[in-house]
Amino acid sequence: MTTIGGRVGAAMHGAGMQQKELAQRVGMTPDALSRALRDQRGFAAVELAAIAEVLDADVHELITGAPDPHRLVLAARHSFDHDTGARSVAGLDEDHSLLADVRLAYAQISPVRAPLELPSDVEGIRRLLHPDFVRPFVDRLAEIEVDVVRIDGPSTAYSFLVEERPVILLPESGNWFHENWSLAHELGHLALRHEGVVPGTALADVKEREANAFAAELLLPAVTLQQIDWAEIRPAEVAELVWTWGISTGALSRRLKKLELTPSAEVAEVLTWSTQKLLRRHWTGAKVGDPITRRMRDAGERRFPTWLQEAHLEQIAEGAVGKGTLAWMLGVPVTSLEVDEPAAAEELSDDALAELIG
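Take the sequence shown: its letter number 4 is residue 4 in full-length UniProt numbering, and every next letter is one higher.
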C-alpha cells in the first residue's frame, strides 16, 4: 500500500475489524475514518497512535510503509507443561518495561556494534563456538557478537535484534543448567531467523519446537549420546557428563527418551533426581572446593556486554548521555558512579557577557 489510508485499511481487514467498530474504539466518527481511509483527509497523530494500539499494528509502518527499525520483535522462551503440552509466557506483560529499559541502553548508542552472520544450522554454530563451549557459554557468544544481558526481574529468556545485532536477555536465576538451555534455545531462534515468537503469534508453537530441537542437538548431540552404552554407564559417569554438558537431569532423561536410548534401571533412577542431588552425591569434582555453588553464583550475576558499557563511558565523557543508564546496567546508584564527564561550563559574569556582545 502506498498511502497511510491504504495501510490502515489493510491492517483493519487483517485484524478482522469492521470500519464502524474501529471508528468507535479510536474515538473517530465513521465519516471521518471513511474519508481518511480514502485519503480525503489526513489522520491526526493521536488517531494513528490509537489505531495502531487497537489493531496491534506498528505505527511507524502505518505512517512510512516500513517497519520501525527500533522496534523490539521478541522471541520468548515459553514454559512447557509436559502433562498438557501447553506453552505459555505468563510474565510477558510485566516484562515489557524491562525489555524497554534494555532497548534504551542500546538506543543511546547508535549505531550499535556490527554483528556477524550466524549460520542457520547447529553444526555451523558449534564450529563457531568451538569445543567445550558450555562452561564459558556467555563469553563464547560474545566472541561471535551475540550479546547476553542478564538482569533481575524477567520471567523468562528472550531474544531480539537491535539494528540486526542479536541480543539474548536472561533472568538472574542462578540456575546454570536452565540458563544454558535458555541460551541454546534463544540462539536457535536467532540462527533460524525466528521473529515474533510470543503467545498468539503465527506459528509460535512450531518455532518453539524448532528452537528446542536446536538447543537439544547443540547441547546433547544425537551422535554423542548414541555412542554411549547407557546400559553399562555408572551414576558417577552420568554426573560427570551432566556437569560437562551443563544440562539438567530432566533434559538428559527427555533427550534419551526422544532418541529411544534406554538407560539401566540405576541410571534411570538417578535421572529422576534433581540435578543438584545427582552432582552432590556422585560427581567427584564436587568434593574439591565448591564449583557447583560458584557456577550458581556466576549465573546469578548482573551482566551487560562490555562493548556496550564502554560505548556508554565514551558517550558520557562527550556529554552525549547521562550516567543513569550505565549506573542501571552496573546495578549501582548513579551518585556512586565516578566516570569522566565534560567539565561544567562556567557561568559568565555580567561584565564578561557585556564584553562578548559589545
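In this text, a Cβ means the ideal position worked out from N, Cα and C, and glycines have one as well.
All values reported here derive from a predicted model rather than from experimental measurement.
Query	Result
Unbroken beta strand (DSSP E) run spanning P166, endpoints	165 to 171
Buried versus exposed, by CB contacts within 10 Å (16 or more), T64	exposed
Residue environment, H194, which counts as buried when at least 16 other CB atoms sit within 10 Å	buried
The region 198 to 216 contacting the region 175 to 188, beta-carbon criterion three pairs below 8 Å	yes
Three CB pairs or more closer than 8 Å across the region 267 to 278 and the region 230 to 240	yes
Euclidean distance between Cα positions of A36 and D56	19 Å
Three-pair Cβ contact test at 8 Å for the region 102 to 114 versus the region 312 to 325	yes
Exposure of L129, with buried meaning 16 or more beta-carbon neighbours within 10 Å	buried
Local Cβ density within 10 Å of E94, reported as buried at 16 or more and exposed below that	exposed
Residue of T84, I151, R234 minimising C-alpha distance to F97	First, the amino acid is wrong: residue 97 is Ser here, not Phe. Comparing Cα-Cα distances from S97 to each of T84, I151, R234, the minimum goes to I151.
Own chain, CB closer than 8 Å to E341, minus 5 neighbours either side, in chain order	I316, A317, G319, K323
Cβ-Cβ distance between V197 and E163 below 8 Å	no
Close beta carbons around L259, own chain, < 8 Å, minus the five adjacent residues each side	A222, L225, Q226
Bridge partner(s) assigned by DSSP for V197	A75
Alpha helix (DSSP H) segment containing R150, residue limits	Run containing R150: none in the alpha helix (DSSP H); it sits in the beta strand (DSSP E), 147 to 151.
Strand pairing of L161, partner residues [DSSP]	P166
Closest by C-alpha distance to G174, when choosing among P67, P136, I292, G91	I292
Buried or exposed (CB count within 10 angstroms, at least 16 for buried), T335	exposed
S155 and I168 closer than 8 Å at C-beta	no
Length of the line joining the Cα atoms of V146 and E47	38 Å
Proximity of A299 and W176 at Cβ, strictly below 8 Å	yes
Runs of alpha helix (DSSP H) wholly within the region 205 to 264 (minimum 4 residues, chain order)	222 to 226, 235 to 245, 249 to 258
Distance, A75 Cα to L203 Cα	12 Å
Burial state of E179, where buried means 16 or more other Cβ atoms lie within 10 Å	buried
Per DSSP, cross-strand counterpart(s) of F80	R87
Contact with chain D by I228, beta-carbon distance below 8 Å	Of the chains in the structure shown, none is chain D; there is only one protein chain.
Whether V149 touches F304 by CB criterion (8 Å)	yes
Beta-carbon spacing of A311, I144 below 8 Å	no
Cβ-Cβ distance between L220 and I247 below 8 Å	yes
Three-state class that DSSP yields for R41 in the structure shown	coil
Cβ separation of V54 and V26, assumed to be a contact under 8 Å, to the nearest whole Å	6 Å
Rounded straight-line distance, which links the Cα of L308 to that of P119	24 Å
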